[in-house]
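Only one structure is covered here, and it is reproduced in the block below.
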Amino acid sequence: MSQQKLEWQIQPNIQPPEVFIEEVKHYASGLPGHYAAQLLWQRGIRDTTQLAGYLNPNLYQPASPFEFGQEMRWAIERLLEARNSGEKVAIWGDFDADGITSTSILWDGLGQFFAQNLQLSYYIPNRLTESHGLNDNGIKALAESGTKLIVTCDTGSTNISEIEYAQKLGVDIIVTDHHTLPTERPDVKAIINPRYLPPEHPMFHLSGVAVAYKLVEALYETLPDVPQQPLEDLLDLVAIGLIADLVQLSGDCRYLAQRGIERLQQQLKKRNRPGVARLLELCQKSGDRPTDISFGLGPRINAVSRIQGDASFCVELLTSRDEKRTQQLATETELANCRRKALQKDVALDVNKKLAQLDLSTTSVIVLCDPQWAVGVLGLVAGQVAQETGRPTVLLSTEGDLSENAIALGSARSVNQVDLYQLVNAQAHLLHRFGGHPFAAGLSLPVQKIPLFTEAINQQLRATVGTPDGTPLPPIVQADLVCTVRELGKDLFRELKLLEPCGMGNPVPKLLIQNCWFESMWNSNTQDFKGTKVQYIKTKFKICDDSCETGFEGIWWGHYKEDLPKGRCDAIVELDFNSYENSTKGIKPHYEVRMIAVRSLAQTHLLGTTSQLDWILDCREESLVCSTDASPVSLHSSVLPVRECPSSWDELQVWFRRAQQTNRKLAIAYHPPEPIPPDQIWLQLVGIAKYLSRTGETASDYQISQKLGISDRTLQLGLDALSHLGFFVKQLDWNFQISFHPEESSPSLAKNAIEQFIGAVQEEQFRQKYFYQVPLSAIRAMATQNAIS
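Residue numbers (our numbering): 20 to 808.
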């Protein structure tokens, strides 16, 4: 796919107050601090008290593990019981990087309290034969070995039937996880899942590895005299799992990642992690950069289960102090990664052939299947296709099973803020198994149902999110700052590094370099490791502009030098420092840029030029002043502001027509939505109903919907749910009168109606988030269609 199909966006150049810039300079070690301050301000870090803990982990106060409440206390009580009675305990992990590091954390951490291999063991499911989560066969095997307690990590929350099976065998379960919660609490000894915490809680975004660490931390605090190793020795594994799992790095997640990267450097110097050290050598990384994990360690750990299925030895790789053994395991891991690259390339080529036969103009969700594809790499290829096409992608394989009752296994990846979990879950009646989150999912279904699934999921997306013609928006690449080639280098890198570690919710800053060109271009396309030859592509270049006489080194993965445009162009890049040094290969530490997107000035307009629809202004960053072409425009009588975030294109169409009819410019001036948890909105609605029934007062649907921040349509679902709880809603002219008749309640009907209301609120909030982030170009395209129609 061509990079020119990307939709480009640039953050408005909003200068923070001088007092904020001065505060950032305090942490910038003599650097100007302007770029770092601008980025922090753009990303909502505006409170100077918040700023201190964000930039300096020494000033951050992490949450106590006992803020998980009674569940954590129950978990510790059960672990103490097992320790005192000498019971066998098993760790049940998962096979991806988060699951492997979670298992390693519990293996090393609980290993301070339980004798490893005697009282403590671990179990990693086989990716290719068992899939994610608990399973009956594994539980049975552990029970037969004498295990009385299973502690899960990064999995288990929704394994209700498997938990019941374990109970029948006399095995207790403690769940530590961060995935989707079941509708009711599972019958376990304890479930420690940050999803039970309020969204604003600093531990809400913890990944599996961080939750496992919090359990160990609580045990360390309970029995402080028992451990022989410092708790902090586990932080490097926490950082690897957090960054590899792409969780939102805010609150305690950010703090743990910061501390973990620091600890990783200390561990490497002491050779306490020989397996990690060797793996870094093989991927030519030093371990001092978050990208060394996201581009180096993470993919290699994930590759083992993708290729071999069984990734159990990865726990030994991460935790063993035996240099000879870990060297062997690291080599095996690197070989798996080479094989993964080769398989991924083969599947990607095949997928591209099938894509060429699709009419993407009528396709909202790409669903493709082939009996020969390797299941282990489908998620990676699906992610590539999603990014290149701007469409959620589902890839399935039967792995050679051509029978009538064949089950297709596969992976799905999302793009452009489409909630993949809700999208696929809506077709649950067609699926054999399904699990995941808004960005990625794994699924299986009978092959004969794939055509029906494809049609249904496309209709589902068209009915929720998309451009006016029903197809998704083009993939978006966003630039955070505009800079010149002259500014690239050490000082700018040090400023941008203040924001690290970067990840979900805090992406690596992307820099727009305008009117530039390329020199000294060359590409290589082979890699050879232990006789395994893998074809891959990377292009190296020097990026130049008029700001200086010499260019700056850069690299573009997955592209040949011919893909770079000739002549002047615009480029979006990320600035990085390659700290790896290998004198035998002539590699020295150096600064470089990674190409994200490029477009020739001969083929497209420059960012910032006006279009025929410049009467639509983007003022989402500020409600009082907005700009177009760098010229401030006050919101006065000649400008019509849209101050409430819409949840549909129809709502925006009303504003388009109103602006046209009154001959005014339209300012998209709504603030970022700040959604209240849907279950809290339901409780607020019940509170309003109780108040109105008690006082006899009335309220309009507009007053109630405004109070709750929901639409009239969703409010009607809420009123319907109230009727099943015994509330009688009567409409008087424009107002509602509500009375309470408990004898008319129907709990069974109420439960379903409440779930429908909460689901509608979730969907509405997702749509509002989407419309806050939708690019101005898409809004203008919508306005064009509205004008034509």
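Quick reminder that beta carbons are idealized off the backbone N, C-alpha and C, glycines included.
In chain order, what residues of the same chain have a beta carbon less than 8 Å from the beta carbon of residue i, not counting five sequence neighbours either side?
{"i": "C567", "result": "T503, V504, R505"}
{"i": "Q815", "result": "Past the edges of the chain, shown from 20 to 808, lies residue 815, and the structure says nothing about it."}
{"i": "I426", "result": "T417, D420, H451, S463, L464, P465, V466"}
{"i": "V443", "result": "V413, A431, L450, F453, G455, A460, L462, I476"}
{"i": "A769", "result": "A740, H743, L744"}
{"i": "L374", "result": "I385, L387, V404, T408"}
{"i": "L50", "result": "K44, D510, R513, E514"}
Apart from the five residues on each side of it in sequence, which residues of its chain come closer than 6 Å, Cβ to Cβ, to residue i?
{"i": "R587", "result": "N534, W536, L620"}
{"i": "L268", "result": "A276, P520, G522, N525"}
{"i": "S140", "result": "A109"}
{"i": "A445", "result": "Q479"}
{"i": "L299", "result": "G306"}
{"i": "G398", "result": "S430"}
Rounded to a whole number of angstroms, what is the C-alpha to C-alpha distance between residue i and residue j?
{"i": "F133", "j": "R102", "result": "7 Å"}
{"i": "P81", "j": "V230", "result": "13 Å"}
{"i": "P31", "j": "E149", "result": "48 Å"}
{"i": "I143", "j": "F332", "result": "9 Å"}
{"i": "A160", "j": "N154", "result": "10 Å"}
{"i": "R799", "j": "R639", "result": "15 Å"}
{"i": "L531", "j": "L507", "result": "11 Å"}
{"i": "Y710", "j": "S758", "result": "10 Å"}
{"i": "G409", "j": "V793", "result": "13 Å"}
{"i": "L387", "j": "L428", "result": "11 Å"}
{"i": "P35", "j": "S48", "result": "19 Å"}
{"i": "D669", "j": "V434", "result": "23 Å"}
{"i": "G573", "j": "L188", "result": "59 Å"}
{"i": "N371", "j": "Q391", "result": "15 Å"}
{"i": "P84", "j": "E335", "result": "27 Å"}
{"i": "R340", "j": "S767", "result": "57 Å"}
{"i": "D329", "j": "N321", "result": "11 Å"}
{"i": "V43", "j": "Q61", "result": "14 Å"}
{"i": "G227", "j": "I635", "result": "44 Å"}
{"i": "H624", "j": "L256", "result": "Note that H624 scores a pLDDT of 40, beneath 50, so its modelled location is shaky; the value from the coordinates is reported in the next line. About 46 Å."}
{"i": "T114", "j": "R146", "result": "Note that residue 114 is Phe in the sequence shown here, rather than Thr. Whole-angstrom Cα-Cα distance: 7 Å."}
{"i": "V207", "j": "V194", "result": "7 Å"}
Identify, in the order they occur along the chain, each residue of the same chain with its Cβ nearer than 7 Å to the Cβ of residue i, setting aside the five sequence neighbours on each side.
{"i": "I773", "result": "W701, A740"}
{"i": "S730", "result": "S666, S724, E783"}
{"i": "P402", "result": "Checking the sequence, you will find Gly at residue 402 rather than Pro. Answer for G402: R432, listed in chain order."}
{"i": "F790", "result": "C664, P665, S666"}
{"i": "E41", "result": "none"}
As a quick exercise: from the options, pick the residue whose alpha carbon is nearest that of residue i.
{"i": "G317", "options": "G105, D264, L216", "result": "D264"}
{"i": "A237", "options": "L125, F472, N356", "result": "L125"}
{"i": "V235", "options": "V170, Q285, L287", "result": "V170"}
{"i": "R282", "options": "I615, L768, A258, K304", "result": "A258"}
{"i": "T569", "options": "D117, S539, R97", "result": "S539"}
{"i": "S383", "options": "V400, V404, Y599", "result": "V404"}
{"i": "E251", "options": "Q286, F314, K580", "result": "Q286"}
{"i": "R65", "options": "P51, F747, E37", "result": "E37"}
{"i": "G294", "options": "D564, E342, W674", "result": "E342"}
{"i": "L377", "options": "T473, R358, L515, T345", "result": "T473"}
{"i": "L58", "options": "K529, F675, H224, R146", "result": "K529"}
{"i": "P205", "options": "G157, V780, S176, Y79", "result": "S176"}
For residue i, count the other beta carbons within 10 Å of its own beta carbon; 16 or more makes it buried, fewer makes it exposed. Which is it?
{"i": "W541", "result": "exposed"}
{"i": "W576", "result": "exposed"}
{"i": "F512", "result": "exposed"}
{"i": "I469", "result": "buried"}
{"i": "P249", "result": "exposed"}
{"i": "T166", "result": "buried"}
{"i": "A498", "result": "buried"}
{"i": "K304", "result": "buried"}
{"i": "Q843", "result": "Any answer about residue 843 is impossible in this case: the structure gives the chain only from 20 up to 808."}
{"i": "E181", "result": "buried"}
{"i": "G152", "result": "buried"}
{"i": "H609", "result": "exposed"}
{"i": "S765", "result": "exposed"}
{"i": "A288", "result": "Looking at the sequence shown, residue 288 is not Ala but Lys. With fewer than 16 Cβ atoms within 10 Å of its Cβ, K288 is classed as exposed."}
{"i": "Q247", "result": "exposed"}
For residue i and residue j, which I take to be in contact (beta-carbon distance under 8 Å), what is that distance rounded to the nearest angstrom?
{"i": "L727", "j": "L704", "result": "6 Å"}
{"i": "R319", "j": "N356", "result": "5 Å"}
{"i": "V617", "j": "P584", "result": "6 Å"}
{"i": "E90", "j": "I192", "result": "That pair is no contact at about 13 Å."}
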